[in-house]
Amino acid sequence: MPTSTQAVATFLPRQYAPLQESTSSVSSQTTVKDITVNLDNVSEIPSNTSNTNNVGISKNGIWKKALIGLLITVAAGAVAVPLALKFATTTPSTSTTSTTATTATTTIVPGSIAFWSLDNNGLDLYNNYNGNPVGSPTYTTSFLGYGAAINLVRSSSQYISITSRQLLMNSSSFTIEAWIYPISFTGLDYGIFGQCQATTTNLCLHFMARNNQLYCAFYFNDIQGVTTLTMNVWTHVACVYNAATLTQQVWLNGVLDGSRTGSSLYQGSSGATTIGATFNPGSAAGFNGYMDQVSYIARAKNDTEILNDATLYVYYSFDSGSLIDGGPNGINGTASGTITIITGRVNQAIQFSSGAYVSYTYAPFYFLGINNNPFRSWCVHVLVMSSTGNINAQLWNGGTVGASGPILPLNSWTHIGYTYSSTNGIRLYINGAQVATTGAISFAASGSPMYIIFGNDDGRTSYCTPNYGGSFNGALDEFYLYRRELTASQVLALANP
Ligand SMILES: [Ca+2]
Ligand SMILES: [Ca+2]
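Read in order, the letters of the sequence shown correspond to residues 1 to 497 in the UniProt record's numbering.
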């Protein structure tokens, strides 16, 4: 559904516009304490199988929640805040260089970008390359928890066909990205994105899976990836082409999976552009499974951009009190209670008091729920203060596992980094320095998309593990959640924006 184009003009790498506005109240306030969390996720963690006696209860057994809440009381000194309407132009990320962002923003040309949310239709967010469904595909739940994803059945030749306007990719750099959920691939060609003027050299673009690996090709001028695609899991894929260097690349979950210098430019300038099918065999080679959030841009994205698109799951600057996601996925929060805007660590931050919190009206954290037996209720105080005031980083592996950090100082900003992998376990960082770790541990996820709560546990203290928590009095700024384990140097960079 085309929505807010204004977001497009302002910050390009975050172009995929949010779907809903958040709410927050504004008043004068105070500075206090900050919790900035880099919670890392874990789609590749091996499963732990014994989750039967997990903590948690819930109505109808379907409530699941991960919580980022802090129980600590902090005194506040009053500081009035000017309400500058400024979005996150200073991205305190390790790598999204402002140069890149600026260039992209200022050089955008109408028609040089497209985004298909596949939210129950084939429309382009920018209204240039609207597509029509062929073969009556159905739609399914998006991994983002809002909108929808398309459900394509290969044997029924279902795909999206874009004929409303010719997408001119010939002799140009481009980046195509998509989220795919492959089902029952057998090694055949499964089309992701195509445009085929003729089945001759350099006239037929086919980005697809072949032999269960990514394959991006112009026809006899092709790059194939090396990693076998995993079935039945949401996966980020990209084909990047640099016309100046003739470099062809395929990317899998933000990691380069194949690269070569091509023999010639892509030269096709006619033929339908297709999502979920390619026409390299002369007829449709369809996808089988789900696809979501497909994009095209007329330039070669760099490795940092692709990595962020694939693994930066949400980012909140909280500038001007905004709960709009500045990352690629448009996952916006919703405030409950009084959230106030204060001077932040970077621009503005939000402050919680009187039990206020930020949560979601849907379950957007697919990757936090991945793997393992589905068990029916699952609630963890992911970052929480113990009764002694120490900051604790927690996970669930059939029992509570965690790493305990120091007591945090009041009335000053503290950066908290939390990473996890099965190999390294939980690592807790304070101001960029590792202060605690569990060592290797497994993580038993819920098996269902998750929620997160910031600032409170919404009354679930006693049945969330560990059984302490409650409301946080203090402020929060610059929250990043990645679905990969950040390195120590990446955490350090985020701690020093
Ligand atoms: Ca969608
Ligand atoms: Ca901020």
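Built from N, CA and C at the ideal position, the CB exists for glycine as well.
(message) Give me, in chain order, the residues of the same chain whose beta-carbon lies closer than 6 Å to that of Asn496; leave out the 5 immediate sequence neighbours on both sides.
(response) none
(message) Any heavy atom of ligand 2 closer than 7 Å to the beta-carbon of Ser317?
(response) Between ligand 2 and the CB of Ser317, the shortest heavy atom gap is smaller than 7 Å.
(message) Which same chain residues end up closer than 7 Å to Thr400 when comparing Cβ atoms and leaving out the 5 residues on each side of it in sequence?
(response) Gln394, Thr465, Pro466
(message) Assuming contact is defined by CB atoms lying nearer than 8 Å, are Tyr468 and Ser404 in contact in what I supplied?
(response) Here Tyr468 is not near Ser404, since their CB atoms are 8 Å or more apart.
(message) I want to know whether the segment 206-216 touches the segment 184-193 - three or more CB-CB distances under 8 Å.
(response) yes
(request) Specify, as a first and last residue, the run of the alpha helix (DSSP H) that Glu305 falls within. (result) 303-311
(request) Please confirm whether Val240 and Ala300 have their CB atoms less than 8 Å apart. (result) yes
(message) Only counting the same chain, and skipping five residues up and downstream in sequence, which positions put a Cβ closer than 8 Å to that of Thr261?
(response) Thr245, Leu246, Thr247, Gln248
(request) Please confirm whether any heavy atom of ligand 1 lies closer than 7 Å to the CB of Leu125. (result) Not under cutoff, so the answer is no.
(message) Tell me whether Asn332, by its Cβ, gets closer than 7 Å to a heavy atom of ligand 2.
(response) no
(message) Looking only at its chain, what residues have a beta carbon closer than 6 Å to the beta carbon of Asp292, apart from the 5 residues adjacent to it on each side?
(response) Leu118, Ser142, Ala149, Trp179
(message) In the DSSP output, which residue or residues are listed as bridge partners for Leu214?
(response) Per DSSP, Ala209.
(message) Here's the rule: buried if 16 or more other CB atoms are within 10 angstroms of the residue's CB, otherwise exposed. What is Ala453?
(response) Inspection of the sequence shows that residue 453 is occupied by Ile rather than by Ala. Buried: at least 16 other Cβ atoms inside 10 Å.
(message) ligand 3 and Asp325: does the residue's C-beta get closer than 7 Å to at least one heavy atom of that ligand?
(response) Among the ligands modelled here, namely ligand 1 and ligand 2, ligand 3 does not occur.
(message) Is Ser142 close to ligand 1? I mean its beta-carbon at under 7 Å from any heavy atom of the ligand.
(response) yes
(request) Run the CB neighbour count on Ala440, radius 10 Å, all protein chains shown included, and call it buried at 16 or more, exposed below. (result) exposed
(message) For Ile176, count the other beta carbons within 10 Å of its own beta carbon; 16 or more makes it buried, fewer makes it exposed. Which is it?
(response) buried
(request) For Ile341, count neighbouring C-beta atoms within 10 Å of its own C-beta (all shown protein chains included) and say buried if the count is 16 or more, exposed if not. (result) Ile341 is buried by the Cβ-count criterion.
(message) Extract the residue ranges of the beta strand (DSSP E) inside the segment 116-180, only unbroken runs of 3 or more that lie entirely within it.
(response) 132-134, 138-140, 149-152, 159-162
(request) Measure the Cβ-Cβ separation of Gly398 and Ala444 and say whether it is below 8 Å. (result) Yes. Within cutoff.
(request) Look at the Cβ atom of Tyr313, then the Cβ atom of Tyr146, and state whether they are nearer than 8 Å. (result) no
(request) Establish whether the CB of Leu486 and some CB of chain B are separated by less than 8 Å. (result) No chain B appears in this structure, which consists of one protein chain only.
(request) Can you grab the Cα-Cα spacing for the pair Ser173 / Asn242, in whole Å? (result) About 5 Å.
(request) Using only alpha-carbon positions, find the residue among Ser136, Ala114, Cys216, Ile160 that is nearest to Leu168. (result) Selection Ser136, Ala114, Cys216, Ile160 evaluated against Leu168 yields Ala114 as nearest (Cα-Cα).
(request) Identify the continuous beta strand (DSSP E) that holds Leu476 and give its terminal residues. (result) In the DSSP assignment, Leu476 falls within the beta strand (DSSP E) that extends over 474-476.
(message) Going by C-alpha to C-alpha distance, which of Ile339, Met231, Leu125, Ile426 sits closest to Ser184?
(response) Met231
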